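Chemist:
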Amino acid sequence: MCGIVGFIGQEQAAPILLDGLARLEYRGYDSAGVAVVSPRHEIQVKKSKGRLQVLSDMIHGGADVEGCIGIGHTRWATHGAPSDLNSHPHMSEGGKFAVIHNGIIENYVEIKEFLIGQGVTFRSETDTEVVAQLLEFYYNECHDFFESVGRVLRRIEGAYALGILCADCPDRIIAARKDAPLLLGYGEGCSFLASDVTAIIRHTRSVAYMEDGEVAVLTTAGIQVYNALGDPIEKERHHIDWEVSAAEKGGYPHFMLKEIFEQPQALRRAIMPRLRADRVYLEDMKLTAEKIRSFTRIFIVACGSSYHVGVIGKYNLEHLTRRSVEVVLASEFRYADPIVDENSLVIVISQSGETLDTMAALREAKKCGAYILSIVNVVGSSIARESDDVLYTWAGPEIAVATTKAYSTQLAVLDMVGLAFGEVLGTVSEDEYAEVVRELRALPEKMETVLKSCEDIQKYAAQYFNHNSVFFIGRNLDYALGLEGSLKLKEISYIHSEAYASGELKHGTISLIENGTLVIALGTYGALFDKAMSNVVEVKARGAEVLALTTESHRAEMEKTVASVLSVPDTARMLQPSLGVVPLQLFAYYVALQRGCDIDKPRNLAKSVTVE
Ligand code: G6P
1 MCGIVGFIGQ
11 EQAAPILLDG
21 LARLEYRGYD
31 SAGVAVVSPR
41 HEIQVKKSKG
51 RLQVLSDMIH
61 GGADVEGCIG
71 IGHTRWATHG
81 APSDLNSHPH
91 MSEGGKFAVI
101 HNGIIENYVE
111 IKEFLIGQGV
121 TFRSETDTEV
131 VAQLLEFYYN
141 ECHDFFESVG
151 RVLRRIEGAY
161 ALGILCADCP
171 DRIIAARKDA
181 PLLLGYGEGC
191 SFLASDVTAI
201 IRHTRSVAYM
211 EDGEVAVLTT
221 AGIQVYNALG
231 DPIEKERHHI
241 DWEVSAAEKG
251 GYPHFMLKEI
261 FEQPQALRRA
271 IMPRLRADRV
281 YLEDMKLTAE
291 KIRSFTRIFI
301 VACGSSYHVG
311 VIGKYNLEHL
321 TRRSVEVVLA
331 SEFRYADPIV
341 DENSLVIVIS
351 QSGETLDTMA
361 ALREAKKCGA
371 YILSIVNVVG
381 SSIARESDDV
391 LYTWAGPEIA
401 VATTKAYSTQ
411 LAVLDMVGLA
421 FGEVLGTVSE
431 DEYAEVVREL
441 RALPEKMETV
451 LKSCEDIQKY
461 AAQYFNHNSV
471 FFIGRNLDYA
481 LGLEGSLKLK
491 EISYIHSEAY
501 ASGELKHGTI
511 SLIENGTLVI
521 ALGTYGALFD
531 KAMSNVVEVK
541 ARGAEVLALT
551 TESHRAEMEK
561 TVASVLSVPD
571 TARMLQPSLG
581 VVPLQLFAYY
591 VALQRGCDID
601 KPRNLAKSVT
611 VE
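For the sequence shown, my numbering assigns the number 1 to the initial residue and increments by one for each residue that follows.
Okay, structure coming up:
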């Protein structure tokens, strides 16, 4: 996600900010900018779409921007496409404030409307600009930088790491944090701010991590932190002894592991802004209730793991909407002469928004008059631009080739589409709707619990990594989950792996089961647990070694038959794969690690497949 850096000291700030931003490039970004307070107490903002080099060339490596206090930002677009205007820092209309932000201000629409009503003119499409404009609005009332920040923080909802400059107070930067990473760096006669330690490690290794609700005032003399009640507090300082290269992966050995562990946070970003009280609001979707009612056919079209999200989506959407939903591989859809017309909805799922087959399928469907709703991670990507409607997943940049956090957020967004459609069509019961919303809220936390059990998974990976062939079996949502678990394992560990609907075993696959064959039995779908158990018994009887995945409530029952059991917390039936996928991702990761594979860049695979 967005990268943040801030500096106040005796040296020219801009070169230090550019260097910090360069260290954050690995996070992925689409634009960059800096703001520096000049000796004449004016805020100068320099920003541009594209690579950091464009910005650096524009200001001659920072030499052109005078001043020893500033903030810098690399943007990974969420609200508004990548553009010069949407890049950070954002200035207030009167030029008093400059703001950089990582996160999402959930109630920005309401605040923007309020400020427009007060005569404020907005320049960008971002949620962040409301922070800059609101700061100036309050500052005009109270003429106090710190107090204005406090008022803004009480008014905004959502997630934020903020760095703020005020032209009238050229001796300080104010920073604030809630649900987005932010740390403080202590130097000799200087202070730093950064979204991760990589940005400042060349200048200081003494840091403190900000907690939610805290506000920090950075000066050349030091940093004062205040808690959520406004009381000054002492922060514990940490000494960083990592190598810089390790810090770029946030201390994780691989991007894939880092991204697996980022999933709860990514889910919060994808889910929380779309829930209010006990209802789902897809305010970023233009589809009207009338249009939703007019669809006679629903398709889900995608490739790879995005297609697997679609397979789960088919079960869940059909259940919630009582409409038939077809899920089709994009590479098949485009040549299949699909029966699509003006009354069809085509839901296109793509992390990158650039997959060629998915793009071609979208165009094919559009030609036939279908309405295109896409679920995309990369803002402003080709698929997003050519769709009638886009729901972004806000997972942040994904660097490992094997997708993890994009998959999880796509799934959550698609489930929310199902709920919203079910409500419009009157096909979902109030009880189920309420249960799923409640469980969507709880999902990030439950996923954190699953991530804590990673030692168990490591143990099983060490036990089974030498197998050459693996079968994933399950029914209904567990079958759909198995497709993704199997793909994860084969793509990064190069073990031959297949996923089967358990009921199909007897029609062929069971002939491949012999002494020592590894079967990963998925039994998280409560309604069919007994059937899943029968299949486990069948493969065991033919000599299979079984590793089972089930829910906590079924664990004891599973342990009566299987020795190697993993479990995840219980949740709403339709959300169970969202938790189940995490142990399977971790299992694939640790198996690949044991086998010494190149996990982040598996052989023959690409992150974004832009050829047919
Ligand atoms: C590649 C990636 C997969 C991804 C698939 C579809 O195969 O390695 O992780 O699921 O493309 O990509 P998309 O960007 O359209 O979701």
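Glycine included, C-beta positions come from ideal geometry on N, C-alpha and C. Because the structure is a prediction, the values reported are computed rather than measured.
#1: Does DSSP classify P232 as helix, strand or coil?
#2: Note the first and the last residue of the continuous beta strand (DSSP E) segment covering Y371.
#3: Given that a residue counts as buried once 16 or more other Cβ atoms are within 10 Å of its Cβ, and exposed if not, what is A277?
#4: Heavy atom of ligand 1 less than 7 angstroms from the Cβ of C303, yes or no?
#5: Is K249 buried or exposed, if buried means 16 or more other CB atoms sit within 10 Å of its CB?
#6: For ligand 1, is there a heavy atom less than 7 angstroms away from the beta-carbon of L605?
#7: Ignoring anything shorter than 4 residues or poking outside the region 313 to 370, list the alpha helix (DSSP H) runs there in chain order.
#8: Which residues share a DSSP beta bridge with E545?
#9: Classify E11 as helix, strand or coil using the three-state DSSP reduction.
#10: Is T403 near ligand 1, in the sense that its beta carbon is under 7 angstroms from a heavy atom of that ligand?
#11: Whose C-alpha, out of D241, H239, V207 and F114, is nearest the C-alpha of V225?
#12: Pull the bridge partners of R23 from the DSSP assignment, please.
#13: Going by Cα to Cα distance, which pick from S294, K47, V348 and A330 is closest to S387?
#14: From R51, G20, I173 and A14, pick the residue whose C-alpha is nearest to that of V45; which is it?
#15: Is L443 near T571, with beta carbons less than 8 angstroms apart?
#16: Using only the heavy atoms of ligand 1, determine whether one of them is closer than 7 angstroms to the beta carbon of V626.
#17: By how many angstroms is the C-alpha of N316 removed from the C-alpha of I520?
#18: In or out: F281 buried (at least 16 other Cβ within 10 Å) or exposed?
#19: I need the straight-line Cα distance from G526 to T355, nearest angstrom please.
#20: If contact is defined by three or more beta carbon pairs under 8 angstroms, each pair taking one atom from either stretch, is the region 84 to 98 in contact with the region 31 to 38?
#21: Just to confirm, are L518 and L547 a CB contact at a threshold of 8 angstroms?
#22: What's the call for Y589, buried or exposed, on a 16-neighbour Cβ count within 10 Å?
#23: DSSP state of Q410, grouped into three classes?
#24: Consult DSSP for M210 and reduce its assignment to one of helix, strand or coil.
#25: Would you check if the distance between the CB atom of A499 and the CB atom of G485 is smaller than 8 angstroms?
#26: Restricting to runs no shorter than 4 residues, where is the alpha helix (DSSP H) found entirely within the region 140 to 214?
#27: Which word fits M447, buried or exposed, when buried means at least 16 other C-beta atoms lie within 10 angstroms of its C-beta?
#28: Rounded to a whole number of angstroms, what is the C-alpha to C-alpha distance between F255 and Y26?
#29: Any idea what DSSP makes of S294, helix, strand or coil?
#30: Using C-beta distances below 7 angstroms, list every residue in its chain close to L586, excluding the 5 sequence neighbours before and after it, in chain order.
#31: Within the continuous beta strand (DSSP E) that includes H467, where are the two ends?
#32: Assuming G62 contacts L18 under a Cβ cut-off of 8 angstroms, what Cβ separation, rounded to an integer in Å, is found between them?
#33: Please confirm whether any heavy atom of ligand 1 lies closer than 7 angstroms to the CB of V379.
#34: In the structure shown, what three-state DSSP assignment does V537 receive?
#35: Relative to the C-alpha of A592, which candidate in R363, H496, K531 and I510 has its C-alpha closest?
#36: Taking three-plus beta-carbon pairs below 8 angstroms as touching, is the region 235 to 246 in contact with the region 383 to 397?
Modeler: Taking the coordinates as given:
#1: Here P232 sits in strand by DSSP.
#2: Y371 to V376
#3: Answer is exposed; the Cβ neighbour count stays below 16.
#4: yes
#5: buried
#6: yes
#7: 330 to 333 and 356 to 367
#8: DSSP lists L518 as partners of E545.
#9: coil
#10: yes
#11: V207
#12: DSSP lists no partner for R23.
#13: V348
#14: A14
#15: yes
#16: This structure cannot settle anything about residue 626, because the visible part of the chain is limited to 1 through 612.
#17: 23 angstroms
#18: First, the residue type needs correcting, since residue 281 is Tyr and not Phe in the sequence shown. Label assigned to Y281: exposed.
#19: 35 angstroms
#20: Yes: the two stretches touch, three or more of their Cβ pairs being nearer than 8 angstroms.
#21: Yes. Within cutoff.
#22: With 16 or more other Cβ atoms from the protein chains shown falling within 10 Å of its own Cβ, Y589 counts as buried.
#23: The three-state secondary structure of Q410, taken from DSSP, is helix.
#24: coil
#25: yes
#26: 145 to 155
#27: buried
#28: 10 angstroms
#29: helix
#30: I260, C454 and I457
#31: From DSSP, H467 is part of no beta strand (DSSP E); its letter is neither H nor E.
#32: Rounded, the Cβ-Cβ distance is 5 angstroms, consistent with contact.
#33: False, no ligand heavy atom lies under 7 angstroms from that Cβ.
#34: In the structure shown, V537 sits in a helix (DSSP, three-state: H, G or I).
#35: H496
#36: no
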